[in-house]
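Structure first, commentary second.
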Amino acid sequence: MAVNRKTVVGLGEVLWDVYEDRALFGGAPANFACHAASLGAEARIASAVGDDALGSQALLWMQEHKLSSRWVSVDPEHPTGSVRVELDALGSPRYRFASEVAWDFLELQNHWIELAGQCDAVCYGTLAQRSEKSTRTILGFLEHTQRQTLRVFDVNLRQDFYSSEILSSSIQRANIVKLNHEELPVVAGLLGVRCDDERSMCETLIERHSLRCIALTRGSEGSAVFLDGQWDEQPALRVTAIDTVGAGDAFTAALIMGILNQRPLFQIHGQASRIAAYVCTQRGAVVPLPESLTSM
Numbered sequence: 543m544a545v546n547r548k549t550v551v552g553l554g555e556v557l558w559d560v561y562e563d564r565a566l567f568g569g570a571p572a573n574f575a576c577h578a579a580s581l582g583a584e585a586r587i588a589s590a591v592g593d594d595a596l597g598s599q600a601l602l603w604m605q606e607h608k609l610s611s612r613w614v615s616v617d618p619e620h621p622t623g624s625v626r627v628e629l630d631a632l633g634s635p636r637y638r639f640a641s642e643v644a645w646d647f648l649e650l651q652n653h654w655i656e657l658a659g660q661c662d663a664v665c666y667g668t669l670a671q672r673s674e675k676s677t678r679t680i681l682g683f684l685e686h687t688q689r690q691t692l693r694v695f696d697v698n699l700r701q702d703f704y705s706s707e708i709l710s711s712s713i714q715r716a717n718i719v720k721l722n723h724e725e726l727p728v729v730a731g732l733l734g735v736r737c738d739d740e741r742s743m744c745e746t747l748i749e750r751h752s753l754r755c756i757a758l759t760r761g762s763e764g765s766a767v768f769l770d771g772q773w774d775e776q777p778a779l780r781v782t783a784i785d786t787v788g789a790g791d792a793f794t795a796a797l798i799m800g801i802l803n804q805r806p807l808f809q810i811h812g813q814a815s816r817i818a819a820y821v822c823t824q825r826g827a828v829v830p831l832p833e834s835l836t837s838m
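Start counting the sequence shown at 543; every next residue gets the next number (this note's numbering).
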C-alpha cells in the first residue's frame with residue numbers, strides 16, 4: 543500500500559444494483575473509487591443521490607466504508623439511481639436503468655472545482671453523460687484538472703446512452719482509456735478508426751488522441767495494456783465466475799493506482815488481472831479484497 547496517498551475521483555453515477563434477491567451499492571465510477579480506496583487511495587465520489595430512502599442508504603453505506611460523502615449532492619427533486627441487473631449462466635449482466643434520476647442532474651459546485659484541481663486521477667464514463675446537464679458538469683470538472691492529472695475514460699457503453707459526440711468529447715479530454723473487446727470496435731467505428739485488428743485500433747486511438755495508455759479487457763480471453771510505448775498482454779486467470787459486475791472497475795482502479803505509484807507495467811497489469819478475476823468470484827461490484835491482492 544502506498545505511503546504517499548493519491549487522491550482519486552470517481553465522477554458520475556452512484557446507484558443501486560438491484561438483483562432478484564438484493565440491492566447492492568454500485569455505479570462504475572463509484573465502484574472504481576471504492577476499489578482504489580482498498581488499494582491505498584484517498585478516494586472521492588463526485589455524484590448525486592435523491593432525498594429518499596435509497597439515497598440515505600447510499601450515504602450510510604459510504605460512511606460505513608469510510609468514504610467521504612462531501613462530494614455527493616442530495617437532490618430533493620429526483621430519485622436515487624438504480625438499475626435492474628439480470629445475470630446469465632456465466633455471470634454476465636444485462637441492465638435496465640431507471641431514468642431521470644439524481645445523477646442525471648449533476649452540478650459543478652465550487653468544492654467540486656476545488657477537488658478537480660487537487661486530484662491525481664479522475665475516472666468517468668458515458669452513462670452519466672446521457673443527460674446534457676451532467677455532460678456539461680463532467681466535462682467542466684475535467685477542464686479544471688491539472689495537466690498531469692490522470693483523466694481516465696472508462697467507456698462502459700450501456701444500452702443506447704452514448705453517441706459519437708459523447709465519445710469524441712470524452713476521449714479528447716482523456717489521457718487514459720479503458721474499454722472491453724466488445725466496446726473497442728464500436729468506439730473505433732464511431733470515431734472514424736478503420737483498422738482490422740485490436741492492436742491497430744488501439745494504436746490508432748493512442749496516436750490520434752495523444753493518449754498515454756489504453757487498457758483492453760477481453761473477459762475469459764485475458765487483457766492487453768499499452769502504456770508509455772509498451773504493450774503487454776496477459777491471459778485471464780481461470781476462475782468460476784459468479785457475478786462479473788464491477789470486475790472491469792476493479793481492473794481500472796488497480797491499473798490507475800499502479801501507474802500513479804510508478805510500478806512496472808507487467809506488475810500493474812498482473813495485479814489488475816488478479817483483482818478483476820477475484821471480483822468475478824464474488825457477489826456484487828464492491829467486495830473486500832484480500833491483502834494478498836492489495837499488497838505489492
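C-beta: ideal position from N, C-alpha, C; glycine also.
Beta-bridge partners of residue i, as assigned by DSSP
i: Thr549; result: Glu584
i: Leu758; result: Leu721, Ala766
i: Pro635; result: Leu629
i: Asp774; result: Val767
i: Arg693; result: Val664
i: Ser565; result: According to the sequence shown, residue 565 is Ala rather than Ser. For Ala565, which the question treats as bridged, DSSP gives the partners Val560.
i: Ser624; result: Trp558
As assigned by DSSP and simplified to three states, the class of residue i
i: Gln688; result: coil
i: Asp559; result: strand
i: Leu699; result: coil
i: Leu609; result: coil
i: Val821; result: helix
i: Ala544; result: Residue placement at Ala544 cannot be trusted, given a pLDDT of 41 that sits under 50; what the coordinates show is reported in the next sentence. Coil, per DSSP.
i: Leu650; result: coil
i: Asp617; result: strand
i: Ser752; result: coil
i: Ala579; result: helix
i: Ala570; result: helix
i: Ser815; result: helix
i: Ser589; result: strand
i: Ser673; result: coil
i: Gly788; result: coil
i: Ala640; result: coil
i: Ile801; result: helix
i: Leu779; result: coil
i: Cys744; result: helix
i: Val729; result: helix
i: Arg736; result: coil
i: Gly826; result: coil
i: Leu831; result: coil
i: Ala716; result: coil
i: Ser705; result: coil
i: Ser837; result: coil
Of the residues the options, the one placed nearest residue i, counting alpha carbons only
i: Gly761; options: Arg780, Leu797, Arg754, Cys755; result: Arg780
i: Met799; options: Leu602, Pro621, Cys665; result: Cys665
i: Asn573; options: Glu833, Asn717, Val821, Thr836; result: Val821
i: Trp778; options: Val787, Ala818, Ala730; result: The identity of residue 778 in the sequence shown is Ala, whereas the question assumes Trp. Nearest C-alpha to Ala778: Ala818.
i: Ser589; options: Phe683, Ala640, Pro830; result: Phe683
i: Leu581; options: Val787, Ala792, Asp739; result: Ala792
i: Val729; options: Ser742, Leu699, Asp738; result: Leu699
i: Leu769; options: Ile748, Glu763, Thr786; result: Ile748
i: Ser711; options: Arg689, Asp702, Asp738, Thr679; result: Thr679
i: Leu835; options: Arg736, Arg816, Arg672; result: Arg816
i: Tyr637; options: Leu629, Ala644, Val643; result: Leu629
i: Pro727; options: Ile718, Thr746, Gln714; result: Thr746
i: Glu619; options: Arg564, Phe639, Ser634, Gly597; result: Gly597
i: Ala640; options: Ile713, Leu632, Ser673, Gly633; result: Ser673
Beta-carbon gap between residue i and residue j smaller than 8 Å
i: Ala578; j: Ala795; result: yes
i: His686; j: Ala716; result: no
i: Val614; j: Ile587; result: yes
i: His723; j: Val767; result: no
i: Gly592; j: Asp617; result: yes
i: Cys744; j: Ile801; result: no
i: Tyr704; j: Thr668; result: yes
i: Ser752; j: Leu733; result: no
i: Arg547; j: Ala575; result: no
i: Leu758; j: Glu740; result: yes
i: Leu807; j: Gln772; result: yes
i: His653; j: Arg612; result: yes
i: Asp662; j: Pro621; result: no
i: Gly826; j: Asp785; result: yes
i: Ala585; j: Val550; result: yes
i: Val735; j: Pro635; result: no
i: Gln671; j: Ile718; result: no
beta-carbon residue i near the ligand FMN non-hydrogen atom, thresh 7 Å
i: Leu648; result: Among the ligands in the structure shown, none appear at all, so the ligand FMN cannot be discussed.
Contact with chain D by residue i, beta-carbon distance below 8 Å
i: Thr823; result: Absent from the structure is chain D; it holds one protein chain and no more.
### Task
Could you tell me whether the region 691-711 touches the region 601-615, using the rule of 3 or more Cβ pairs below 8 Å?
No: the two stretches stay apart, fewer than three of their Cβ pairs being nearer than 8 Å.
#### Entry: Contact between the region 548-564 and the region 639-652 (3+ Cβ pairs under 8 Å)
As far as the Cβ criterion goes, the region 548-564 touches the region 639-652, which means the pair count is three or higher.
### Message
I want to know whether the region 621-632 touches the region 558-574 - three or more CB-CB distances under 8 Å.
### Response
Cβ pair count under 8 Å is three or more, so yes.
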